Amino acid sequence: MHITFLGGGNMGRALIGGLLKVGLQAQQISVIETNPETASQLKKDFAISAIASIDAMALDESENNIVVMAVKPQDFKAAAQALSGRLQASAAPLIVSIAAGIRTGDMSRWLGQTRCVRAMPNTPALIGKGITGLFAENSVSDADRNLAEVICNALGQTVWVDQEQLLDAVTALSGSGPAYVFAFLEALQAGGERLGLDSVTARKLAYATLEGASQLANHSAENASTLREKVTSKGGTTAAALAVLKDLDWQAALERALAAAAERSKAMGDELGQE
Numbered sequence: 113m114h115i116t117f118l119g120g121g122n123m124g125r126a127l128i129g130g131l132l133k134v135g136l137q138a139q140q141i142s143v144i145e146t147n148p149e150t151a152s153q154l155k156k157d158f159a160i161s162a163i164a165s166i167d168a169m170a171l172d173e174s175e176n177n178i179v180v181m182a183v184k185p186q187d188f189k190a191a192a193q194a195l196s197g198r199l200q201a202s203a204a205p206l207i208v209s210i211a212a213g214i215r216t217g218d219m220s221r222w223l224g225q226t227r228c229v230r231a232m233p234n235t236p237a238l239i240g241k242g243i244t245g246l247f248a249e250n251s252v253s254d255a256d257r258n259l260a261e262v263i264c265n266a267l268g269q270t271v272w273v274d275q276e277q278l279l280d281a282v283t284a285l286s287g288s289g290p291a292y293v294f295a296f297l298e299a300l301q302a303g304g305e306r307l308g309l310d311s312v313t314a315r316k317l318a319y320a321t322l323e324g325a326s327q328l329a330n331h332s333a334e335n336a337s338t339l340r341e342k343v344t345s346k347g348g349t350t351a352a353a354l355a356v357l358k359d360l361d362w363q364a365a366l367e368r369a370l371a372a373a374a375e376r377s378k379a380m381g382d383e384l385g386q387e
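This is the structure in structure tokens:
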């Protein structure tokens, strides 16, 4: 198996590092990176092959070639069309795209092949704690699905959706989700400071509380609603705080936020897929 990364930015770099950690050899990975400094750093850090152009890309006749499209969404079409010429002269590789908003139909049209998997990771992937939503058309084999899953597992966890439109929901929930969490952390820390805590203490309390509660929820057989109820004593401090949040209709606001993100994801797909 050989994996070629088209783009060596933050997410591509995270994937390369994760794959090497799980046992892939450096000689099994190459990257096409036009930025000389980025390419040089990737070679230095991972001892992988880095080339500056698709024209210099080497593909053999093996079906175990994989190309990870890790370019920016606005650059995807041009990169795919440049790559398509090289693909005609070799066995079609499995294409795994981590570019937000690029649909499989557009990928196939620009690349001239249908062996494509679309992936939507999130930023905790940069430390191996991400979760990636995956989709592939029915024509993609189980073996190819497994390969794509193995690659994306290097970033953390994976989930499959059976309809591509559900990746808009994945984008809204987990793709944009870290930003919601960061905003909550900002507010939690700021609230602590307004109550008299210094910034260092407020930050430590906020971050540790979020991390601990998340781990507790992950390790518990009980759902989040039950865990919340267990912390909420009648007439207590938590009940007083949650009553304020309920009055502000914060759950409905969050649902509207996710709906807005999903709608924007759909619109981006429409825009990026235009001829």
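Residue numbers for the sequence shown, in our numbering: 113 to 387. The C-beta atom is built at its ideal place from N, Cα and C for all residues, glycine as well. The model shown is predicted, which means the values in this text are computed figures rather than measured ones.
(message) Quick check on Q193: does DSSP put it in helix, strand or coil?
(response) Here residue 193 is taken as the residue at index 81 of the sequence shown, counted from 1. Here Q193 sits in helix by DSSP.
(message) Taking only three categories from DSSP, how would you classify Q386?
(response) As a working note, residue 386 is residue 274 in the sequence shown. Residue state, collapsed to three classes: coil.
(message) Quick check: the segment 115-126 against the segment 175-183, are at least 3 beta-carbon pairs closer than 8 Å?
(response) yes
(request) Could you work out which residue in A138, S165 and M169 is closest to K155 when comparing CA atoms only? (result) On the sequence shown, residue 155 is found 43 positions in, with the first residue counted as 1. Out of A138, S165 and M169, A138 has the C-alpha closest to the C-alpha of K155.
(request) Assuming G240 and G130 form a contact by the criterion Cβ under 8 Å, report the distance between their Cβ atoms to the nearest whole angstrom. (result) Numbered from its first residue, the sequence shown carries residue 240 at position 128. Numbered from its first residue, the sequence shown carries residue 130 at position 18. Going by Cβ atoms, the distance from G240 to G130 rounds to 6 Å, so yes, they are a contact pair.
(message) Per DSSP, what are the beta-bridge partners of L118 in this structure?
(response) Here residue 118 corresponds to residue number 6 of the sequence shown, with the count starting at 1. According to DSSP, which records beta bridges pairwise, L118 is partnered with I144 and M181.
(request) Taking 8 Å as the threshold, find out whether the segment 256-268 comes into contact with the segment 215-229 through three or more Cβ pairs. (result) yes
(message) Nearest by alpha-carbon distance to K133: which of V271, L267 and L309 is it?
(response) Taking the first residue of the sequence shown as position 1, residue 133 is located at position 21. It is L267.
(message) What does the alpha-carbon distance come out to for the pair Q153 and S142?
(response) Against the sequence shown, residue 153 aligns to sequence position 41. Against the sequence shown, residue 142 aligns to sequence position 30. Taking the straight line joining both Cα atoms gives about 13 Å.
(message) Less than 8 Å between the C-beta atoms of A212 and T283, yes or no?
(response) The residue labelled residue 212 in the question sits at position 100 within the sequence shown. The residue labelled residue 283 in the question sits at position 171 within the sequence shown. Yes, these two residues count as a Cβ contact at 8 Å.
(request) Can you tell me which of the three DSSP states G135 falls into? (result) Numbered from its first residue, the sequence shown carries residue 135 at position 23. The answer is coil: DSSP assigns G135 none of H, G, I, E or B.
(message) Once the 5 residues before and after F188 are set aside, which same chain residues still bring their CB inside 6 Å of it?
(response) Here residue 188 corresponds to residue number 76 of the sequence shown, with the count starting at 1. So the list reads A211 and I214, once near-sequence residues are dropped.
(request) Report yes if the C-beta distance between A374 and A291 is below 8 Å; otherwise report no. (result) Counted from its first residue, the sequence shown places residue 374 at position 262. Counted from its first residue, the sequence shown places residue 291 at position 179. No.
(request) Please report how far the alpha carbon of R306 lies from the alpha carbon of L317, in whole angstroms. (result) Residue 306 sits at position 194 when you count from the first residue of the sequence shown. Residue 317 sits at position 205 when you count from the first residue of the sequence shown. So the alpha carbons of these two residues sit roughly 14 Å apart.
(message) Need the endpoints of the beta strand (DSSP E) that I163 sits in, please.
(response) Here residue 163 corresponds to residue number 51 of the sequence shown, with the count starting at 1. Note, I163: beta strand (DSSP E), S161 to I163.
(request) Please report the residue range of the beta strand (DSSP E) in which S253 lies. (result) Stepping through the sequence shown from its first residue, residue 253 is reached at position 141. Segment: none, S253 is in no beta strand (DSSP E) and carries neither H nor E.
(message) Here's the rule: buried if 16 or more other CB atoms are within 10 angstroms of the residue's CB, otherwise exposed. What is N335?
(response) For this step, residue 335 is matched to residue 223 along the sequence shown. With fewer than 16 other Cβ atoms within 10 Å, it is exposed.
(message) DSSP three-state label for Q269, please.
(response) Locating residue 269 in the sequence shown gives position 157, counting from the first residue. Looking at Q269 - three-state DSSP - the assignment turns out to be strand.
(request) Give the C-beta separation of I390 and R198 to the nearest angstrom, bearing in mind that I take them to be a contact with Cβ-Cβ under 8 Å. (result) Given a span of 113 to 387 for the chain in the structure shown, any question on residue 390 remains unanswerable.
(request) Would you tell me roughly how many angstroms separate the C-alpha atoms of L238 and V183, rounded to the nearest one? (result) Taking the first residue of the sequence shown as position 1, residue 238 is located at position 126. Taking the first residue of the sequence shown as position 1, residue 183 is located at position 71. Each residue's alpha carbon lies about 16 Å from the other.
(message) Would T344 and T350 qualify as a contact pair, given that the criterion is a beta-carbon distance under 8 Å?
(response) Locating residue 344 in the sequence shown gives position 232, counting from the first residue. Locating residue 350 in the sequence shown gives position 238, counting from the first residue. Yes; because the gap between Cβ atoms is below 8 Å, this pair is in contact.
(request) Report buried or exposed for N234, applying the criterion of at least 16 other Cβ atoms within 10 angstroms of its Cβ. (result) The count along the sequence shown starts at 1 and reaches residue 234 at position 122. Under this definition N234 is a buried residue.
(request) Spell out the partners DSSP gives G213 in its beta bridges. (result) Taking the sequence shown and counting its residues from 1, the one referred to as residue 213 is at position 101. DSSP, once it has assigned bridges, lists no residue as partnering G213.
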